Every structure is written in C-alpha cells, then in structure tokens.
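K.L.:
Counting from 148, one number per residue, gives the positions in the sequence shown under my numbering.
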Amino acid sequence: MTHVTCRLTAKNRDQLRNPTLGNRVWATFTFTFVALLYRLLSACLQPLSNQSARQGERVTLECAVPAYPAPDRVQWFRNEIEIFSSPDYTISFSLGTATLVIAEVFPEDAGTYRCMITVNDVPNSTSMYLQVAGQQ
Numbered sequence: 148m149t150h151v152t153c154r155l156t157a158k159n160r161d162q163l164r165n166p167t168l169g170n171r172v173w174a175t176f177t178f179t180f181v182a183l184l185y186r187l188l189s190a191c192l193q194p195l196s197n198q199s200a201r202q203g204e205r206v207t208l209e210c211a212v213p214a215y216p217a218p219d220r221v222q223w224f225r226n227e228i229e230i231f232s233s234p235d236y237t238i239s240f241s242l243g244t245a246t247l248v249i250a251e252v253f254p255e256d257a258g259t260y261r262c263m264i265t266v267n268d269v270p271n272s273t274s275m276y277l278q279v280a281g282q283q
C-alpha cells in the first residue's frame, strides 16, 4: 500500500496554530491512492496478442508500458514461472517498451507468456499465448 505524506504550510502561520496541539504550525496527513493508480495502469498497459511461430524461429514479444509513472519493476513469465535473461532469453526495457526475445523457439517454449509491471508496489500484467509448430 502506498502512502503519501504532505506538509501543509499556510501563508499566515497563525491560521494553523492550535494551543491544544502545542501551537504546532504544520499538519501532516496521509492518503492512499493504490486503487486510482491500478486503474490508471490498467488503462495504459497495452494488451499482448497471441502469436504463432515455427520451431527454430526467433520470437520477439513487446509490451507497451506507460511512460509515467515509470515502472519500478518489469518481469516476464512463461506458464507462471519467471523468466530471467539467459542465452535463450533476452529481456530489456527501453522507451516505454518491455521486450522479451526468445533466440530460438522449440515446441516446449509454447505456453502463456505474461508481462508484469509494478509501479509503487501495484502490479499489473497482460498475457498472451505462444504456439510453436514443430518441423515437418
């Protein structure tokens, strides 16, 4: 949950003086904007589209991510297992696009791929299915 703490200062400090609070001249308040942030992210995260590929092809998945606020974290998953950069997978994020490149796909690479972004501890994701046809 995200909280924002603000300091309120009046031009005339006497407006904020309160003898019962020890004549403090400022006040602190917090509010939560998680629901609003989630709605904004949901509206801005572009859905992924299902794809088909042939065995041995290079496959690139791209997820358009809102530029502001910039995500704290971008993750990719295949069948709900997180993918990390390796010789088989290249993960990058640049100019509002999260990219997953599969160097060479095989039938076992077929499955549901999900791009998840997290902004201020609020996750949002979009998924697609990759179908891989074997050589005939």
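From the three backbone atoms N, C-alpha and C, an ideal C-beta is built for every residue, glycine too.
Since this is a predicted model, take the numbers as computed values, not measurements.
Could you check the C-alpha separation between F180 and T244 for me, to the nearest Å?
P.N.:
Within the sequence shown, the letter at position 33 stands for residue 180. Within the sequence shown, the letter at position 97 stands for residue 244. Only weak support exists for where F180 lies, its pLDDT of 49 falling under 50; the value from the coordinates is given anyway. C-alpha separation (whole angstroms): 25 Å.
K.L.:
Let's see if you can read the secondary structure: which residues bound the beta strand (DSSP E) around F231?
P.N.:
For this step, residue 231 is matched to residue 84 along the sequence shown. Segment: none, F231 is in no beta strand (DSSP E) and carries neither H nor E.
K.L.:
Once you ignore the five residues that flank V206 on each side, which residues in its own chain have a CB closer than 6 Å to its CB?
P.N.:
Working through the sequence shown from its first residue, we reach residue 206 at position 59. Excluding positions up to five away in sequence, the list reads A200, I249 and V252.
K.L.:
Please classify V212 as buried or exposed, where buried requires at least 16 neighbouring CB atoms within 10 angstroms.
P.N.:
Taking the sequence shown and counting its residues from 1, one reaches residue 212 at position 65. Buried, by the Cβ-count rule.
K.L.:
Restricting to Cα atoms, I'd like to know which of A257, D268, V269 and R220 is closest to N197.
P.N.:
Locating residue 197 in the sequence shown gives position 50, counting from the first residue. For N197, the nearest C-alpha among the options comes from A257.
K.L.:
Going along the chain, which residues of its own chain have a beta-carbon closer than 8 Å to the beta-carbon of E229, five neighbours each way excluded?
P.N.:
Position 82 of the sequence shown, counted from the start, is the residue given in the question as residue 229. Excluding sequence neighbours, E229 sits near Q222 and W223.
K.L.:
Who are A286's beta bridge partners in DSSP?
P.N.:
This structure cannot settle anything about residue 286, because the visible part of the chain is limited to 148 through 283.
K.L.:
Apart from the five residues just before and just after G281, which ones in its own chain have a Cβ nearer than 7 Å to its Cβ?
P.N.:
In the sequence shown, the residue the question calls residue 281 occupies position 134. For G281, where only same-chain residues beyond five positions count, the Cβ hits under 7 Å are Q202 and P254.
K.L.:
Quick one: using the 10 Å Cβ neighbour count with 16 as the cut-off for buried, is N226 buried or exposed?
P.N.:
Reading the sequence shown from its first residue, position 79 is the one you call residue 226. Per the 10 Å Cβ criterion, exposed.
K.L.:
Straight-line CA distance for L208 to L242?
P.N.:
By 1-based counting over the sequence shown, the position of residue 208 is 61. By 1-based counting over the sequence shown, the position of residue 242 is 95. In a straight line, the C-alpha of L208 is about 15 Å away from that of L242.
K.L.:
Between M263 and the rest of its own chain, which residues show a CB-CB distance below 6 Å, the 5 nearest in sequence each way excluded?
P.N.:
Counting from 1 along the sequence shown, the entry for residue 263 is found at position 116. Contacts found: Q222, P270 and S272.
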